[in-house]
Amino acid sequence: MTESSKSEEQSALALEGIDKRFGTTRALVSASLRVRTGTVHALLGENGAGKSTLMRIAYGMERPDAGTILVHGATARLDSPASAIARGVGMVHQHFTLVPVMTVAENVALGGHGMLDLQQTISGLRELSERTGFALDPEARVELLSVSAQQRVEIAKALMRRARLLVLDEPTAVLPPSESAALLRWLRSFADQGNTVVLITHKLGEALSISDDVTVLRHGRTVLAASAANTTAESLTRAMLGSAAGDERVGGPPERRLGAQDPPNASIIRAERVTLVDATGVVRIRSASFVVGAGEIVGIAGVEGSGQRELLRAVAGRLPLAFGRLDRPSSVGFVPEDRHRDAVLLDRSLVENVALRDAGTRRGRIEWSAVGTHTESLMRAFDVRASGPLAPMRTVSGGNQQKLVLARELAIEDAELARAIVVENPTRGLDVRAAAQIHDRLRAARDAGAAVVLYSSDIDEVLLLANRVLVLYAGTIREAPVDRDTVGRLMLGAEGDVAT
Amino acid sequence: MSLRDEARVRAQAVMRAATRELALATIVVASIGGATALLLVGVGFPVLPGLSALWTGAFGSWYAFTSATLIRSVPLMLTGGAVAVAFRGGVLNIGAEGQLLLGAAAAVAVALAVPAGGKLFPLVIVAALLAAAVAGAMWAGVAAYLRARYHVLEVISTIMLNFIALHVVSYLVRGPLQEPTHVYPQSATIADALHLPHLPAAGRLHAGFALALALAIAAGWMLRNTAAGFRIVAIGESPSAAASAGGIDVRATSARVFLLSGALAGLAGGVEVLGVTFALYENISPGYGYTAIAVALLARLDPWRVVATAVLFGALEAGAGAMQRDAGVPSTLVSVIEAALILAVVVAQAIRARRQASADEPTADT
Chain A
10 MTESSKSEEQ
20 SALALEGIDK
30 RFGTTRALVS
40 ASLRVRTGTV
50 HALLGENGAG
60 KSTLMRIAYG
70 MERPDAGTIL
80 VHGATARLDS
90 PASAIARGVG
100 MVHQHFTLVP
110 VMTVAENVAL
120 GGHGMLDLQQ
130 TISGLRELSE
140 RTGFALDPEA
150 RVELLSVSAQ
160 QRVEIAKALM
170 RRARLLVLDE
180 PTAVLPPSES
190 AALLRWLRSF
200 ADQGNTVVLI
210 THKLGEALSI
220 SDDVTVLRHG
230 RTVLAASAAN
240 TTAESLTRAM
250 LGSAAGDERV
260 GGPPERRLGA
270 QDPPNASIIR
280 AERVTLVDAT
290 GVVRIRSASF
300 VVGAGEIVGI
310 AGVEGSGQRE
320 LLRAVAGRLP
330 LAFGRLDRPS
340 SVGFVPEDRH
350 RDAVLLDRSL
360 VENVALRDAG
370 TRRGRIEWSA
380 VGTHTESLMR
390 AFDVRASGPL
400 APMRTVSGGN
410 QQKLVLAREL
420 AIEDAELARA
430 IVVENPTRGL
440 DVRAAAQIHD
450 RLRAARDAGA
460 AVVLYSSDID
470 EVLLLANRVL
480 VLYAGTIREA
490 PVDRDTVGRL
500 MLGAEGDVAT
Chain B
119 MSLRDEARVR
129 AQAVMRAATR
139 ELALATIVVA
149 SIGGATALLL
159 VGVGFPVLPG
169 LSALWTGAFG
179 SWYAFTSATL
189 IRSVPLMLTG
199 GAVAVAFRGG
209 VLNIGAEGQL
219 LLGAAAAVAV
229 ALAVPAGGKL
239 FPLVIVAALL
249 AAAVAGAMWA
259 GVAAYLRARY
269 HVLEVISTIM
279 LNFIALHVVS
289 YLVRGPLQEP
299 THVYPQSATI
309 ADALHLPHLP
319 AAGRLHAGFA
329 LALALAIAAG
339 WMLRNTAAGF
349 RIVAIGESPS
359 AAASAGGIDV
369 RATSARVFLL
379 SGALAGLAGG
389 VEVLGVTFAL
399 YENISPGYGY
409 TAIAVALLAR
419 LDPWRVVATA
429 VLFGALEAGA
439 GAMQRDAGVP
449 STLVSVIEAA
459 LILAVVVAQA
469 IRARRQASAD
479 EPTADT
């Protein structure tokens, strides 16, 4: 070893006592992370544990409220990605930051300064491709590349800017298994050449197979920092999920919890070997079979990108099946997670937003006075606070918007309860009170006999409401008992038998 | 709330809205007057004679009002309505000019193809107008297809199609539709019996005005009261929410809006040749299809308000002519006013939109 023991001590990245608040939520509470040079470091945690926030701070995209940052041994004030790049930090985001119509070389050149010398970028990329074994055509248009090739472009972008520390946010979530393995192998060899890799993941297998060290975040705190050799899937799961999670549960279990021993109720939704494909042609759900009965809430749990997005939309009738059979009522209510994008017309009145339901199949005149009366009754029933039914949606608070959406999706034409409803992160962005109201409405819908399919990235919300839980992992579906440990383990792809 | 209270509240709301509209209209007209005066001073023309000619030319007499102002408002009302409906549905149809030109060509072709004489003339007028609407819709359909199939931006394709339409007319009046002596680049004049009838006691104003008025009212009613109209508003506001929450076929709906818009613009061409020019030639439109964008924007994309803004722009065009004739002020000066007006409206809308967006963006959750 040419450089003495000092270099072993030196960290490529050291974050100490990092605090970060978003409004009233504390995303990071005195979090720390120490990444040794020349290693692959896995950063683990549940959805919302603060992994991404911590790494966005390391890349200069967020400023911490408190704490110190050391990059390659030097204290660093990172106020922009440019300052992080200048210190040799590169980041590959989960959602790529590429210009689709530009070539690979043009995308790489985008971050540069001064004169644009595309030829130099192209030859630089060719040289890089040879050195790293990346098969990248610098003159190919990015939109024509596969997802894994686009990811290589992102990595190449970082490397062309001389990154020695590469942070990757869930890099394998978008890749098919064979490509994932290839990427992990490459990251390993990259680190072996003296560089450093931080891998944000919630897949335990990945963390254990290629990383040297592991850090686990839970609720914004660093709860475990150890060498991978000294950890097991078991100890990591425990660190990620915490011990007894039941004490965090509010409101207690619903009264009508239907176990497997209860008589089966009439099935409203029945899926048989359903396979779903996303917009880019990647298989997201593989041969899933399940049943949702009347009067139950079926919770869906899964880490980001496990296929829940596609599954929910298929059940709601918004995504066609690739294969299989799905029996469902003709009109299923749907509350999508991105309310402003997919559920409401912000500049239209509450009345018009109610009329939006089934607007695609309506004929002839719209009797606005009738819709207005219907809206008023929905507002009364769901306690929607607004200056009136003609108030623009934009002027209504998020919680009240969501209540109106839920009311609309639960009410069908003849003002009876919908037989089935799919809700996706129904309380995202809502305050505690509004969230509790939404929960009450969902329970009431169930008690009135509706089949409710609920997904939340907050596993506690799923456990709080669900009568049964279906866990998604890498496109496969498994039924799990309403039990935090088991569900958490299955979500992370940990092996082990589940007692059902 | 009792029924009487409710009726009172509603009446108050209507009054408030009417007052607001009236105030806005006053501001617009006053600023046009002011801006014209300023420009006249700046360019060095006598202010009072200029303004007076502008006013007299547009509103000086019943004859000026009907036969100069209102007659010019007819194509503006139809194309303005076409643009308003399209923009409301998120379709940026800049091609009303080209659609108008092809509509005019189609109407003339039908009118000239029918041998003179016979009792079928009213039917021929209807057929010619229908042909104009169909031609306009087909021309818009080219851009609609390119948009739906290949994601070609309609702003670009419709502008390009405008140029092509101009050259198509150029060719027609020198080729298949040229008048029999083959001297002038224009079509033969259509038979007197095929002219649109004049409205009673309204000078040269023809029945096309009534048609434009009826269609503007119908378009506004459709957007407000029918499911089809609501679909247009919904996709214009948020295609993603329209598709996800409304189950609306966004592609099909925007294609239909595009065709409807083209039909209205094409009809404007048909009405113009049957009511005013009685023949096809190259400069049949002084840019009605472009002014239509201003007409629609000033009306905040509401076909009912388009009636008012079309009359306003008709008055400006009529007054501009009079100003040039009687006060020697170039009519292009009024184009400057029109352009300034459009800019003011666009900026005001952008400011309002930004204020709304920043006022109530919800706090992010991460």
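Chains as they are written, first to last, in my numbering: chain A, 10 to 509; chain B, 119 to 484. Don't be surprised by glycine CBs; every beta carbon is placed ideally from N, CA and C. Computed from a predicted structure; not experimentally measured.
CB of residue i within 9 Å of CB of residue j, strictly
i                : j                : result
Ala383 (chain B) : Glu215 (chain B) : yes
Ala346 (chain B) : Gly199 (chain B) : no
Gly308 (chain A) : Asn476 (chain A) : yes
Arg334 (chain A) : Glu281 (chain A) : yes
Val321 (chain B) : Ser191 (chain B) : The amino acid occupying residue 321 (chain B) in the given sequence is Gly; Val does not appear at that position. Contact: no.
Leu415 (chain A) : Ile447 (chain A) : yes
Val113 (chain A) : Pro147 (chain A) : yes
Met388 (chain A) : Leu359 (chain A) : yes
Leu398 (chain B) : Val252 (chain B) : no
Val301 (chain A) : Val49 (chain A)  : no
Leu188 (chain B) : Val452 (chain B) : no
Arg293 (chain A) : Gly316 (chain A) : yes
Gly311 (chain A) : Tyr68 (chain A)  : no
Arg337 (chain A) : Ile277 (chain A) : yes
Start-to-end residues for the beta strand (DSSP E) that takes in residue i
i                : result
Ile430 (chain A) : Ala429 to Glu433
Glu488 (chain A) : Thr485 to Ala489
Phe299 (chain A) : Val292 to Gly302
Asp515 (chain A) : The requested residue 515 (chain A) is not part of the displayed model; chain A covers only 10 to 509.
Val307 (chain A) : Glu305 to Ala310
Ser236 (chain A) : Arg230 to Ser236
Ile468 (chain A) : Where Ile468 (chain A) is concerned, there is no enclosing beta strand (DSSP E), although the alpha helix (DSSP H) it sits in stretches over Ile468 to Leu474.
Arg510 (chain A) : Absent from the structure is residue 510 (chain A), since the part of chain A shown begins at 10 and ends at 509.
Met249 (chain A) : Run containing Met249 (chain A): none in the beta strand (DSSP E); it sits in the alpha helix (DSSP H), Ala242 to Leu250.
Thr130 (chain A) : No beta strand (DSSP E) holds Thr130 (chain A); the alpha helix (DSSP H) holding it covers Leu127 to Thr141.
Thr307 (chain B) : Careful: Thr307 (chain B) lies outside any beta strand (DSSP E) and carries neither H nor E.
Leu439 (chain A) : Taken as a continuous stretch (DSSP letters only), Leu439 (chain A) belongs to no beta strand (DSSP E), as it is neither H nor E.
Val98 (chain A)  : Val98 to Val101
Cβ-based burial, residue i [other Cβ within 10 Å; buried from 16]
i                : result
Asp449 (chain A) : exposed
Met441 (chain B) : buried
Tyr268 (chain B) : exposed
Arg470 (chain B) : exposed
Phe391 (chain A) : buried
Ser362 (chain B) : buried
Met500 (chain A) : buried
His383 (chain A) : buried
Val228 (chain B) : buried
Val127 (chain B) : exposed
Thr495 (chain A) : buried
First and last residue of the uninterrupted alpha helix (DSSP H) at residue i
i                : result
Ile350 (chain B) : Ala345 to Glu355
Met441 (chain B) : Pro421 to Ala445
Val192 (chain B) : Ile189 to Arg206
Thr495 (chain A) : Arg493 to Met500
Ala222 (chain B) : Ala214 to Ala231
Thr276 (chain B) : Glu272 to Leu290
Gly342 (chain A) : Not the alpha helix (DSSP H): Gly342 (chain A) falls in the beta strand (DSSP E), residues Gly342 to Val344.
Thr289 (chain A) : Per DSSP, Thr289 (chain A) belongs to no alpha helix (DSSP H) and is neither H nor E.
Asp222 (chain A) : Not the alpha helix (DSSP H): Asp222 (chain A) falls in the beta strand (DSSP E), residues Asp222 to Arg227.
Leu247 (chain B) : Phe239 to Tyr268
Ala114 (chain A) : Val113 to Ala118
Interface flag, residue i vs chain D, CB-CB below 9 Å
i                : result
Ala352 (chain B) : Looking at the structure shown, chain D is missing, and the protein chains on hand are A and B.
* To do: Please list the segments of the beta strand (DSSP E) lying wholly inside the region 155-195 of chain A, counting only runs of 3 or more residues, in order along the chain.
  => Complete beta strand (DSSP E) runs here, min 3: 174-178.
* Quick one, which residues of the region 329-348 of chain B are near chain A if we go by CB-CB under 9 Å, in chain order? -> Residues of the region 329-348 of chain B with a Cβ closer than 9 Å to any Cβ of chain A, in chain order: Arg342, Asn343, Thr344, Ala345, Ala346, Gly347 and Phe348.
* Asked: Quick one: complete beta strand (DSSP E) runs, 3+ long, within the region 39-96 of chain A?
  -> Segments of the beta strand (DSSP E) lying fully in the region 39-96 of chain A: 49-53 and 75-80.
* To do: With a floor of 4 residues, list each alpha helix (DSSP H) that falls wholly inside the region 366-405 of chain B, ordered by position along the chain.
  => Unbroken alpha helix (DSSP H) stretches of 4 residues or longer found wholly inside the region 366-405 of chain B: 368-390, given in chain order.
* Note down, in chain order, all residues in the region 355-373 of chain B with a beta-carbon under 9 Å from any beta-carbon belonging to chain A. => For the region 355-373 of chain B, the set of positions with a beta-carbon nearer than 9 Å to some beta-carbon of chain A reads Glu355, Ser356, Ser358, Ala359, Ala360, Ala361, Ser362, Ala363, Gly364, Gly365, Ile366, Asp367 and Thr371 in chain order.
* Could you give the uninterrupted runs of the alpha helix (DSSP H) lying entirely in the region 316-398 of chain A, keeping only those of 4 residues or more? -> As far as the region 316-398 of chain A is concerned, its whole alpha helix (DSSP H) runs of at least 4 residues are 317-324, 348-351, 359-364 and 377-390.
* Asked: If contact means a Cβ-Cβ distance below 7 Å, which residues of the region 344-355 of chain A contact chain B?
  -> For the region 344-355 of chain A, the beta-carbon criterion of a distance under 7 Å to any beta-carbon of chain B is satisfied by Pro345, Arg350, Asp351, Ala352, Val353 and Leu354.
* **Members of the region 185-211 of chain B near chain A, C-beta cut-off 8 Å** => Taking 8 Å as the Cβ-Cβ cut-off against chain A, none of the residues of the region 185-211 of chain B qualify.
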